[in-house]
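Trainee: Just dropping this structure here.
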Amino acid sequence: MKLAVLGLVLWAGAASAQGAADAPGARLRLLDKLTGQVTDLTLENGQAQTVGKLTIQVDDCRYPADNPTADASAHLTIRDASQAEPMFKGWMVASSPALSALDHPRYDVWVMRCDVPDRVLPDVPAPAEDQPAEDPAATDDGNG
Numbered sequence: 524m525k526l527a528v529l530g531l532v533l534w535a536g537a538a539s540a541q542g543a544a545d546a547p548g549a550r551l552r553l554l555d556k557l558t559g560q561v562t563d564l565t566l567e568n569g570q571a572q573t574v575g576k577l578t579i580q581v582d583d584c585r586y587p588a589d590n591p592t593a594d595a596s597a598h599l600t601i602r603d604a605s606q607a608e609p610m611f612k613g614w615m616v617a618s619s620p621a622l623s624a625l626d627h628p629r630y631d632v633w634v635m636r637c638d639v640p641d642r643v644l645p646d647v648p649a650p651a652e653d654q655p656a657e658d659p660a661a662t663d664d665g666n667g
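Residue numbers are given in my numbering: position 101 of the sequence shown equals residue 624, and the series is strictly consecutive.
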């Protein structure tokens with residue numbers, strides 16, 4: 524946990540050195556580990572959406588002012604319907620989702636990017652669900 528806090532402090536220092544800009548919202552991705560369903564959410568700051576048992580709220584989103592397509596960080600509040608207190612309340616960094624991650628047995632949530640005004644940013648496609656995994660036994664590695 525101390526390492527995560529140190530990483531966030533270092534990242535915040537780097538972000539402030541290059542000038543962080545506030546965005547009006549964020550694009551998030553949620554994975555239901557039980558069903559494998561991936562859901563993309565676009566939320567404005569202060570807006571919340573419920574998916575399954577989770578309610579996810581974007582409190583703030585920041586990105587490097589000189590490069591809006593670069594690393595983003597979002598302050599999220601995530602609640603589970605079965606608990607009174609939030610399961611997660613803090614900053615998530617798009618390039619390092621494990622640095623400060625939601626600890627939930629069923630769901631993963633991560634930041635994809637901030638919504639930047641007056642910019643059309645490319646969508647990040649969700650993983651294809653219909654494609655079968657490559658069968659390692661079917662590949663010919665030359666060893667017979």
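All C-beta atoms, glycine included, are put in the ideal place defined by N, C-alpha and C.
1) Which residues does DSSP list as the beta-bridge partners of Ser-605?
2) Among residues of its own chain, excluding the 5 on either side of Ser-596, which ones have a beta-carbon nearer than 6 Å to its beta-carbon?
3) Tell me which residue opens and which closes the beta strand (DSSP E) that Leu-716 is part of.
4) Mind checking which residues open and close the beta strand (DSSP E) that includes Leu-551?
5) Determine which residues share a DSSP beta bridge with Thr-562 and list them.
6) Gly-613 lies in the beta strand (DSSP E); which residues open and close that run?
7) Please classify Pro-587: is it buried, with 16 or more other beta-carbons within 10 angstroms of its beta-carbon, or exposed?
8) Counting pairs of Cβ atoms below 8 Å between the segment 567-587 and the segment 627-638, do you hit three or more?
9) According to DSSP, simplified to helix, strand and coil, what is Thr-573?
10) Among Gly-559, Leu-599 and Leu-557, which one has its Cα closest to the Cα of Met-635?
11) Assign Ala-546 to buried or exposed, taking buried as 16 or more other Cβ atoms, counted over all protein chains shown, within 10 Å of its Cβ.
12) Which of the three DSSP states is assigned to His-598 in this structure?
Mentor: So, from the data block:
1) What you label residue 605 is simply residue 82 of the sequence shown in a count that begins at 1. DSSP output for Ser-605 lists no bridge partner at all.
2) Residue mapping note: residue 596 aligns to position 73 of the sequence shown, counting from 1. Same-chain partners within the cutoff: Arg-585, Trp-614 and Val-616.
3) The chain is shown only over 524 to 667; residue 716 falls outside these bounds and no answer can be derived.
4) Numbered from 1 along the sequence shown, position 28 holds the residue referred to as residue 551. Here the beta strand (DSSP E) through Leu-551 covers 548-555.
5) Start at 1 with the first residue of the sequence shown, and residue 562 comes out as number 39. For Thr-562, which the question treats as bridged, DSSP gives the partners Leu-553.
6) Mapped onto the sequence shown, residue 613 falls at position 90. Unbroken beta strand (DSSP E) run through Gly-613: 611-616.
7) Translated into the one-based positions of the sequence shown, residue 587 becomes position 64. Flag for Pro-587 reads buried.
8) yes
9) Here residue 573 refers to the residue found at position 50 when the sequence shown is read from its first residue. Here Thr-573 sits in strand by DSSP.
10) Indexing the sequence shown from 1 puts residue 635 at position 112. Checking every option, the nearest Cα to that of Met-635 belongs to Leu-599.
11) Position 23 of the sequence shown, counted from the start, is the residue given in the question as residue 546. The residue is buried, with at least 16 neighbouring Cβ atoms inside 10 Å.
12) Stepping through the sequence shown from its first residue, residue 598 is reached at position 75. Strand at His-598.
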